[in-house]
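Those letters in the sequence shown? Residues -19 to -1, 1 to 330, per mature numbering (1 follows the signal peptide of the UniProt record, and there is no 0), in order.
Here a beta-carbon is modelled for each residue, glycine too, at the ideal position from N, C-alpha and C.
Keep in mind that this is a model prediction, so the values were computed, not measured.
Here's the structure, in structure tokens; my notes come after.
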Amino acid sequence: MIGRLLLLTVAATATPVAAGSAPAAPVPAAEDARPGCAAAIAYSDGHKGLAVLVLRHGEVVCASQDTARPHELWSGTKSLVGLMAAAAVQDGLLALDERASDTIAEWRDDPGKAAITLRQLLAMTSGQPSAIGRPQGYADSLRVALTAAPGTRFQYGPAPLQIFGEVMRRKLAAAGRDADPRRYVERRLLAPLGVTVGEWRNGPDGHPLMPQGLVLAAAEWAKIGEFVRMGGKVDGKPLVDAAAFAELFEGSEANPAYGLTWWLPRATPSDDPVTRSTDITDPAAGLPADLVVAAGAGDQRLYVIPSLGLTIVRQARLDVAALLAGRKSDWSDRRFLAALLAPRSAAVD
């Protein structure tokens, strides 16, 4: 499943709540309003699950017992970086199609790296190789050699987002602002959404990790999901650039199933190990076309399905021993969502 390599690092209609509002108090499992809630929690628990939380139009309709305890999102952190990029576009700090070398001056004499755009960094098509293990610092990530021409191949790994962190750091400094990317995203996004951060780990250089490292409770991660479900708006007003926000959920030619840091239910020609490890991309899975997914190691998941009014969080224990041994997770997004969305009498195949 996606989780193994991501260490690379409802029935009645409710009134929508503004993004950033605290979800309603979790309902006991025995009184869940979502018919498939118990089956979904059971499936999650059977795969090292820690928390399941489901909101429909901002109201909690399914909850396990551990939605307030912070857990590592691992590569689920990446999707917040995409939202940060959309905020930076709104602030006039960057454009998605500008060259990274406009900011990273040391790349200008390298023909390959000089051509890399910020969009390609966020889409994992910038040419840096896939890599397993702890991300390098920002400066060391800049020196990683390319193994593909920019834009030609999807290669999932930590380097592109560490590089994006350095781009943000330099752009913020040039604008006379606090140069810490973490403080920027907390001020611009997390504080307005009412998100309480459990922790955000730093890399070996002391800078905040962009590919992983964010620690949130399910109830807090759900607030980010609600923001996405509401179209990037708070109280009806865009908190990020609307066009850039929409582009987060458009796949690349190299991998239609991966947008700018978000996974999408699309058929894809990409044959990389990370994409192969998930059934999100299986056309036979029958997933909603507007589903978008933030995903992390250990099968951490934030699913957002605007057409159904749903924000769904699933968190789990990361089996480090299995990860290091290369054992593949048998988690299935299709089975989990089928259990949750199925009528009460239906069974998951």
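Outcome for Val301 when other beta-carbon atoms lying within 10 angstroms are tallied against a minimum of 16: Answer is exposed; the Cβ neighbour count stays below 16.
Which same chain residues end up closer than 8 Å to Leu77 when comparing Cβ atoms and leaving out the 5 residues on each side of it in sequence? Ala66, Val70, Thr98, Leu99, Arg100, Leu103, Ala225, Glu228 and Leu241
Classification of Arg115 by the beta-carbon crowding that lies within 10 angstroms, buried from 16 upward: Arg115 should be labelled exposed.
Glu228, enclosing alpha helix (DSSP H) - first and last residue: Ala223 to Glu228
Gln296 - DSSP class collapsed to helix/strand/coil: strand
Can you tell me whether DSSP reads Val178 as helix, strand or coil? coil
Terminal residues of the alpha helix (DSSP H) in which Tyr119 lies: Tyr119 to Leu123
Inter-stretch contact at 8 Å, needing at least 3 Cβ pairs: the stretch 274 to 291 / the stretch 47 to 66: yes
Look at the Cβ atom of Ala270, then the Cβ atom of Ser288, and state whether they are nearer than 9 Å. yes
Through-space distance from Glu40 to Pro189, alpha-carbon basis: Near 32 Å, if we compare the C-alpha coordinates of Glu40 and Pro189.
Could you compute how far the alpha carbon of Thr259 sits from the alpha carbon of Gly108? The C-alpha of Gly108 is placed about 22 Å away from the C-alpha of Thr259.
Same chain, Cβ closer than 8 Å to Leu153, neighbours up to 5 away in sequence not counted: Leu74, Asp159, Ala160, Asp161, Pro162 and Tyr165
Cβ contact check for the stretch 197 to 214 and the stretch 278 to 286: 3 or more pairs under 8 Å: Result yes; three or more Cβ-Cβ pairs closer than 8 Å.
Of the residues Asn183, Asp216 and Val178, which one's Cα is nearest the Cα of Trp202? Of the candidates Asn183, Asp216 and Val178, the residue whose Cα lies closest to the Cα of Trp202 is Val178.
Length at least 4, wholly inside the stretch 258 to 285: the alpha helix (DSSP H) runs in chain order: none
With distance defined between alpha-carbon atoms, name the residue in Lys94, Pro219 and Arg37 nearest to Leu170. Here the closest residue by C-alpha is Pro219.
Quick one: residues in its chain with C-beta nearer than 6 Å to the C-beta of Thr292, no 5 flanking neighbours on either side, listed in chain order? Leu36, Ala203, Gly206, Glu207, Arg210 and Val285
Exposed or buried, which one is Asn183 when buried takes at least 16 other CB atoms within 10 Å? exposed
Looking at C-alpha atoms only, which residue of Asp26, Ala200, Tyr119 and Leu318 is the closest neighbour of Met191? Tyr119
Going by CA-CA distance only, name the one from Val42, Pro92, Gly30 and Ala266 that's closest to Glu53. Measuring C-alpha to C-alpha distances from Glu53 to each of Val42, Pro92, Gly30 and Ala266 identifies Gly30 as the nearest.
Return helix, strand or coil for Pro116, following the three-state DSSP convention. coil
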